[in-house]
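Q: Got a structure for you, questions after.
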Amino acid sequence: MPPGLADLAGGKSAECERPGQRYFFRNFRQAALRRGFPDASLRFHSGGNDDPQRRPHARGTWRSAGCLFTEGAGSLRNIIRRRDDAEAPQERPAGRDGECLREARAHWIDRDTVVWPGDPNSQEGAFLVFHPGDVPLRHGEQECGSGLIRLLPCRLTAQQRVRWPHLAGHPAFQVDPADIDLVHEALRGQVVAVRRDAEGGVAAVTGVQIAGVLDDLYAGAADAVLGPSGRMFPKLSVWAPTARKVELALYGPGGRRVHRMKRDDETGVWSVHGPPAWWGLEYTYLVTVYSPEAGAVVTNEVTDPYSVDVTADGRRSRLVHLSRAALKPPGWDRHAAPPPVPQHQAVVYELHVRDFSASDPTVPEELRGTYAAFTLDSAGMRELRRLAADGVTHVHLLPVFDFATVPERRADRTEPPAGELAALPPDSERQQEIIARTAAVDSYNWGYDPLHYTAPEGSYATDPDNRVREFRAMVAALHKAGLRVVMDVVYNHTYSTAVLDPVVPGYYHRRLDDGSLATSTCCANTAPEHMMMGKLIVDSVVTWARQYRVDGFRFDLMGHHPLSNMLAVRRALDALTPETDGVDGRSIILYGEGWSFGEVAGDARFLQASQAHMAGTGIATFNDRLRDAVRGGAPFDADPRVQGYGSGLAGAPNGAPVNGGPEQQRERLAAYADLIRIGLTGGLADYVLPSGRAARDIWYNGMPAGYAAEPGEAVAYVDAHDNETLYDALAYKLPQQTPMADRVRMQVLALAMAVLAQGMVFVHAGSERLRSKSLDRNSYDSGDWFNRLLWDCAQGNNFGVGLPPRRDNEARWPYARPLLADPALRPGCAEIRAARAGFGELLRIRWSTPAFSLGSAEEVRRRLTFPASADGVIAMHVDTSGLDERWRSVTVVFNATPWTQTQAMPPSAGQARPGVRLHPVQANSADPVVRQSSYDPATGTLTVPARTVAVFVEPA
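Structure, rendered in structure tokens:
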């Protein structure tokens with residue numbers, strides 16, 4: 005007889021697969037006798053701390069009428085006892101009092117299977133105990149209305165091991181087929197897993213994670229329409245399969261009215277229909293549900309996870325239909341976005357809504373930092389139009405969904421005193437101290453703190469109750485300026501569990517093995533691997549695309565999503581058509597952060613949407629190899645003076661010991677050069693470098709340097725909102741005595757390595773004008789002061805406005821002080837204009853020829869080569885014959901050294917190249933130095949000045 009519980013149903017048998025053997029249980033009583041307990045029953049205890057029957061017996065042991073007592077665990081207080089040892093104390097599982105039920109170490113992965121990590125040799129009598137949790141429990145036997153689901157030792161199938169890799173090696177149990185009918189009921193209350201030892205004593209007790217079984221039981225919910233729907237008559241629907249009751253609370257002029265909602269038992273969706281008068285009202289859901297955190301059945305009043313509009317600060321949802329005219333700015337339905345561009349041709353400009361206008365004196369004060377500022381003919385909008393004319397195709401907006409960390413009504417905010425800040429020394433600590441005092445209540449935050457995923461943020465609206473209309477007006481204005489719009493979306497975490505978890509406790513957020521909340525992203529990680537969280541993401545993205553005409557999405561920490569989730573997003577977008585949906589979903593670009601870390605690292609829980617797995621998907625990831633090679637070091641270096649290809653390593657050492665000696669510097673320079681070459685190909689994994697090595701065989705931080713299958717799957721960039729701006733990074737890394745003119749040249753050179761690369765180009769707003777954040781490496785809550793984006797060069801570039809906030813920068817203050825105090829590091833109008841002009845020229849060159857957007861890996865391999873070059877020089881040659889009617893070839897020379905360099909042109913089938921000349925844009929450049937670049941047909945040699953990128957063309 006095996007160690008387990010048998011079938012209570014008498015004549016039925018339960019088969020359970022186990023390595024090498026199968027067991028059949030005919031009678032529960034027979035199995036119970038064999039297990040050493042002639043009779044088994046449930047006994048419950050609901051006494052409080054003053055209950056006389058509860059007495060401490062010994063450390064780790066409680067006596068409670070001979071039953072195991074678990075403190076603070078809710079309704080199921082006493083688990084299983086033996087009738088013949090009622091007065092015998094039982095050993096408790098290790099841990100603090102009640103910890104065994106505060107944890108949830110058992111995983112109910114589908115209707116048939118529970119995985120409970122532990123000793124695989126001790127799969128003793130295991131079962132689930134469940135209780136509705138909504139009635140007081142009486143002390144005694146058989147009086148509490150609880151139930152028991154027996155578990156039989158088994159082995160996970162191959163499919164289950166693939167679906168749950170982090171559980172694959174742990175003991176598994178099959179739900180006794182006789183108890184399958186109890187599963188639905190059990191999941192609407194408290195569930196506890198119990199395991200007894202060979203003597204019949206309680207060996208372990210724990211809570212149960214139930215996301216997997218919910219996905220299995222309620223698979224039909226994947227097709228449900230959730231949130232507000234209907235046209236004339238509104239309908240509201242919410243998925244809450246574990247809830248005992250859900251009601252709709254409507255708020256109108258007459259106060260609150262509560263309406264019952266009806267449950268669909270097949271999907272777990274609760275719905276209610278209403279009259280047209282409901283449109284425009286505020287609402288919440290009243291969800292009565294067992295809460296493991298509270299240890300009891302509670303009624304949570306919560307906003308709709310599918311909210312498309314909310315009241316100020318997201319306190320309530322608002323019932324609206326997004327097609328209503330009142331929610332549309334004039335001309336919304338008729339306005340058109342600029343023509344789409346393939347992802348490999350996109351040039352994306354990363355911009356924060358508030359940064360755009362908060363410091364722009366050409367915007368009325370009451371409109372600064374708002375969506376409405378984009379509708380004006382301001383200095384900022386004029387500059388965006390110029391950037392679009394030069395070749396920027398998309399504006400990427402940092403989070404604009406409803407987030408939690410800025411008060412949405414202006415009257416509720418407190419701003420730091422700008423006059424006091426401006427009067428302080430450039431290297432003072434006082435600025436950051438002043439900013440910190442109001443950081444929690446000022447107008448500034450990057451916004452990576454999601455509250456409602458599918459409603460616009462209200463602090464950017466002049467009136468948070470008008471957020472939908474004003475958001476749409478911004479999108480229309482950017483489209484009119486020739487720019488498509490990308491949203492930065494943050495579905496990998498929420499600011500807190502306050503919106504999702506109260507609806508389905510324990511479901512929407514990822515839990516660690518012990519049931520605690522995963523927070524590796526910074527906050528409460530969501531679980532897109534769970535069906536309905538994945539659905540919420542897909543539905544939300546589609547809403548933004550259809551209802552707000554958003555043209556692209558950047559996924560924050562995309563590696564915390566399953567690859568399958570991102571592919572589902574891509575499929576859903578591809579299904580959108582202009583005829584049916586008003587947008588061509590195939591033209592919508594997708595890219596994200598493909599980092600792999602935390603509890604999901606290394607595909608621990610699913611195949612991640614990380615750099616390693618995105619090849620062939622058409623979804624791009626940020627190429628940190630190119631970024632680090634150009635800048636030098638990595639974002640979290642203790643010493644920020646580590647130099648890179650574009651920051652002085654090629655002939656301008658800064659003397660910092662961290663850079664090593666001359667030989668180490670040469671080796672690192674050569675390694676960086678290969679990373680940049682790979683980046684220039686679009687990060688192609690199978691591109692073969694001049695060394696004969698394929699890009700996938702060159703390693704960077706333990707991963708292949710080349711990882712993309714097509715050039716559109718890599719994002720070329722050298723800075724972003726995270727980490728220091730490019731100007732600030734160069735301030736740390738270039739020798740301090742480097743003249744400002746040379747700093748400008750290095751800035752443009754560094755940007756060129758992204759702008760002239762194959763694949764998508766990404767530029768942080770202001771880098772083209774030497775933008776600084778006064779060396780702040782993480783300015784997410786540093787106020788307008790450290791984040792100022794200054795369109796008027798007379799205002800400077802924001803360098804030297806105080807030591808950056810202590811929170812993330814104090815360790816670097818010793819390096820920062822002398823730099824911030826140096827007036828030579830603050831550029832004037834001439835330098836800012838030169839940088840902007842150089843950047844514009846690079847964009848115009850990119851768009852002048854297909855050489856920089858070949859479009860396919862095959863074309864890149866066939867046409868793009870890297871001729872041999874000197875240390876500190878990278879030459880890139882592109883054969884454009886048959887592609888460009890004007891030019892047979894385009895050659896780029898990146899000279900990062902402080903000296904003029906010569907570069908041999910590659911031979912052309914043994915023929916001379918007499919007509920090679922500087923690209924027309926550079927031949928007419930505002931930069932007199934780049935105009936000195938030349939070609940000598942007699943020697944076939946190109947000459948390029950110091951710290952210069954020169955582009956040469958050969959006539960067809």
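Here the sequence shown stands for residues 5 to 960, where the numbers follow our numbering. Positions of the beta carbon are idealized from the N, C-alpha and C atoms, including for glycine.
1) What's the C-alpha gap between ALA838 and LEU391?
2) For HIS534, does the three-state DSSP call read helix, strand or coil?
3) Would you kindly report the start and end of the unbroken alpha helix (DSSP H) that includes HIS483?
4) Please report how far the alpha carbon of VAL291 lies from the alpha carbon of ALA244, in whole angstroms.
5) Tell me the DSSP secondary structure of PRO157 in three-state form.
6) Does the separation of the CB atoms of GLY519 and GLU107 fall below 8 Å?
7) Go ahead and pull the three-state DSSP assignment for TRP274.
8) What are the partner residues of ASN899, as DSSP defines its beta bridges?
9) Is it right to say ASP940 is buried, meaning 16 or more other beta carbons lie within 10 angstroms of its own, or is it exposed?
10) Under the DSSP definition of a beta bridge, which residues are partnered with SER295?
11) Go ahead and pull the three-state DSSP assignment for GLY395.
12) Please report how far the alpha carbon of HIS174 lies from the alpha carbon of GLY129, in whole angstroms.
13) Determine the contact status of PRO959 and ARG866, defining contact as a CB-CB distance below 8 Å.
14) Please identify the residue among ASP883, LEU946, ILE593, LEU521 whose C-alpha is closest to the C-alpha of GLU297.
15) Judging by CA-CA distance, which residue of ALA613, THR547, GLU603, HIS534 is the nearest neighbour of ASP560?
16) Taking the straight line between their C-alpha atoms, what separation do you get for ALA985 and ALA316?
17) Whose C-alpha, out of LEU793, PRO238, ASP883, is nearest the C-alpha of LEU326?
18) Would DSSP call ILE623 helix, strand or coil?
19) Taking the alpha-carbon positions, what's the CYS158 to VAL179 distance?
20) State yes or no: is the C-beta of ASN802 within less than 8 Å of the C-beta of ARG775?
21) When you compare the CB positions of ILE214 and ARG115, do they come within less than 8 Å of one another, or not?
22) Going by beta carbon distance, what residues of the same chain come within less than 7 Å of ARG22, once the five residues before and after it are set aside?
23) Sort ILE680, ALA675, GLU671, ALA579 by Cα distance to LEU630 and report the nearest one.
24) Rounding to the nearest angstrom, what Cα-Cα distance links GLN94 and VAL206 in this structure?
25) For CYS527, count neighbouring Cβ atoms within 10 angstroms of its own Cβ and tell me buried if that reaches 16, exposed if not.
26) Could you pull out every unbroken alpha helix (DSSP H) segment of at least 4 residues lying fully inside the segment 417-452, listed in chain order?
27) Return yes when the Cβ of VAL805 is within less than 8 Å of the Cβ of TRP789, no when it is not.
28) Measure the alpha-carbon distance for VAL302 versus VAL508 and round it to whole angstroms.
29) When the Cα atoms are used, what is the spatial distance from ASP308 to SER382?
30) What is the DSSP secondary structure of ALA77, reduced to helix, strand or coil?
31) Please name the residue, chosen from GLY299, GLY151, LEU155, that lies closest to TRP120 on a Cα-to-Cα basis.
32) Quick check: what's the CA-CA separation for GLY944 versus PRO346?
33) With a CB to CB cut of under 7 Å and the five nearest residues on each side skipped, what residues in its chain are close to VAL759?
34) Would you kindly work out how many angstroms separate the C-alpha atoms of PRO644 and PRO822, rounded to a whole number?
35) What would DSSP say about ASP183, mapped onto helix, strand or coil?
36) Alpha carbon to alpha carbon, how far is PRO181 from THR117?
A: Reading off the structure:
1) Here residue 838 is taken as the residue at index 834 of the sequence shown, counted from 1. Here residue 391 is taken as the residue at index 387 of the sequence shown, counted from 1. Rounded to whole angstroms, ALA838 and LEU391 show a C-alpha spacing of 15 Å.
2) Indexing the sequence shown from 1 puts residue 534 at position 530. Reduced to three states, the DSSP call for HIS534 is coil.
3) Within the sequence shown, numbered from 1, the residue matching residue 483 stands at position 479. Note, HIS483: alpha helix (DSSP H), 471-484.
4) Translated into the one-based positions of the sequence shown, residue 291 becomes position 287. Translated into the one-based positions of the sequence shown, residue 244 becomes position 240. The alpha-carbon atoms of VAL291 and ALA244 are separated by roughly 8 Å.
5) Taking the first residue of the sequence shown as 1, we reach residue 157 at position 153. If DSSP states are grouped into helix, strand and coil, PRO157 belongs with the strands.
6) In the sequence shown, the residue the question calls residue 519 occupies position 515. In the sequence shown, the residue the question calls residue 107 occupies position 103. Their beta carbons are under 8 Å apart, which means GLY519 touches GLU107 by this criterion.
7) Position 270 of the sequence shown, counting from 1, holds the residue named residue 274. Under the three-state reduction of DSSP, TRP274 is assigned to strand.
8) Locating residue 899 in the sequence shown gives position 895, counting from the first residue. According to DSSP, ASN899 bridges with VAL877, THR952.
9) As a working note, residue 940 is residue 936 in the sequence shown. Exposed, because fewer than 16 other Cβ atoms sit within 10 Å of the Cβ of ASP940.
10) Translated into positions along the sequence shown, residue 295 becomes position 291. Note: SER295 sits in a beta bridge opposite ALA300.
11) Residue 395 sits at position 391 when you count from the first residue of the sequence shown. The answer is coil: DSSP assigns GLY395 none of H, G, I, E or B.
12) The sequence position of residue 174 within the sequence shown is 170, counting from 1. The sequence position of residue 129 within the sequence shown is 125, counting from 1. Rounded to the nearest angstrom, the two C-alpha atoms are 16 Å apart.
13) Counting from one through the sequence shown, the residue named residue 959 turns up at place 955. Counting from one through the sequence shown, the residue named residue 866 turns up at place 862. No. Outside cutoff.
14) The residue given as residue 297 occupies position 293 in the sequence shown. For GLU297, the closest alpha carbon among the candidates ASP883, LEU946, ILE593, LEU521 is that of LEU521.
15) Taking the sequence shown and counting its residues from 1, one reaches residue 560 at position 556. Nearest option by C-alpha distance: ALA613.
16) What the structure shows of the chain is the stretch from 5 to 960, and residue 985 is not part of that stretch, so it cannot be assessed.
17) Start at 1 with the first residue of the sequence shown, and residue 326 comes out as number 322. Closest by alpha carbon: PRO238.
18) Residue numbering aside, residue 623 sits at position 619 when the sequence shown is read from its first letter. Three-state result, ILE623: coil.
19) To locate residue 158, count along the sequence shown from 1; it is residue 154. To locate residue 179, count along the sequence shown from 1; it is residue 175. If I take the Cα positions, the gap works out to 10 Å.
20) Translated into positions along the sequence shown, residue 802 becomes position 798. Translated into positions along the sequence shown, residue 775 becomes position 771. Yes; because the gap between Cβ atoms is below 8 Å, this pair is in contact.
21) Start at 1 with the first residue of the sequence shown, and residue 214 comes out as number 210. Start at 1 with the first residue of the sequence shown, and residue 115 comes out as number 111. The criterion of a C-beta distance shorter than 8 Å is not satisfied by ILE214 and ARG115.
22) On the sequence shown, position 18 is the one that residue 22 refers to. Below a pLDDT of 50, predicted positions are generally treated as unreliable, and ARG22, at 33, falls in that range; the measurement from the model is reported next regardless. Around ARG22: PRO157, CYS158, ARG159.
23) Residue 630 sits at position 626 when you count from the first residue of the sequence shown. That would be ILE680, whose Cα lies nearest to the Cα of LEU630.
24) The residue you call residue 94 lines up with position 90 of the sequence shown. The residue you call residue 206 lines up with position 202 of the sequence shown. For GLN94, the pLDDT reaches just 35, beneath the cut-off of 50, and the residue's location in the model is therefore unreliable, although a value from the coordinates is still provided. Answer to the nearest angstrom: the Cα atoms are 7 Å apart.
25) Residue numbering aside, residue 527 sits at position 523 when the sequence shown is read from its first letter. Under this definition CYS527 is a buried residue.
26) Contiguous alpha helix (DSSP H) elements confined to the segment 417-452 occur at 422-426, 434-442, taking only those with 4 or more residues.
27) Here residue 789 is taken as the residue at index 785 of the sequence shown, counted from 1. Here residue 805 is taken as the residue at index 801 of the sequence shown, counted from 1. It is a contact, given that the beta carbons lie within the stated cut-off.
28) If you number the sequence shown from 1, residue 302 lands on position 298. If you number the sequence shown from 1, residue 508 lands on position 504. In this model, VAL302 and VAL508 are separated by some 12 Å (Cα to Cα).
29) Locating residue 308 in the sequence shown gives position 304, counting from the first residue. Locating residue 382 in the sequence shown gives position 378, counting from the first residue. Approximately 37 Å between the Cα atoms of the pair.
30) To locate residue 77, count along the sequence shown from 1; it is residue 73. Caution is warranted here: a pLDDT of 34 is assigned to ALA77, below 50, making its placement in the model unreliable, and no coordinate value can be reported.
31) Within the sequence shown, the letter at position 116 stands for residue 120. Of the candidates GLY299, GLY151, LEU155, the residue whose Cα lies closest to the Cα of TRP120 is LEU155.
32) Position 940 of the sequence shown holds residue 944. Position 342 of the sequence shown holds residue 346. Taking the CA atoms as reference points, GLY944 sits about 36 Å from PRO346.
33) As a first step, residue 759 is located in the sequence shown; it is residue number 755 there, counting from the start. Within the same chain, VAL759 has close Cβ partners VAL765, LEU846, LEU847, ARG850.
34) For the purposes of this step, residue 644 is identified with residue 640 of the sequence shown, where counting begins at 1. For the purposes of this step, residue 822 is identified with residue 818 of the sequence shown, where counting begins at 1. Between PRO644 and PRO822, the C-alpha separation is close to 14 Å.
35) The count along the sequence shown starts at 1 and reaches residue 183 at position 179. Helix.
36) The sequence position of residue 181 within the sequence shown is 177, counting from 1. The sequence position of residue 117 within the sequence shown is 113, counting from 1. In this structure, the CA atom of PRO181 is about 11 Å from the CA atom of THR117.
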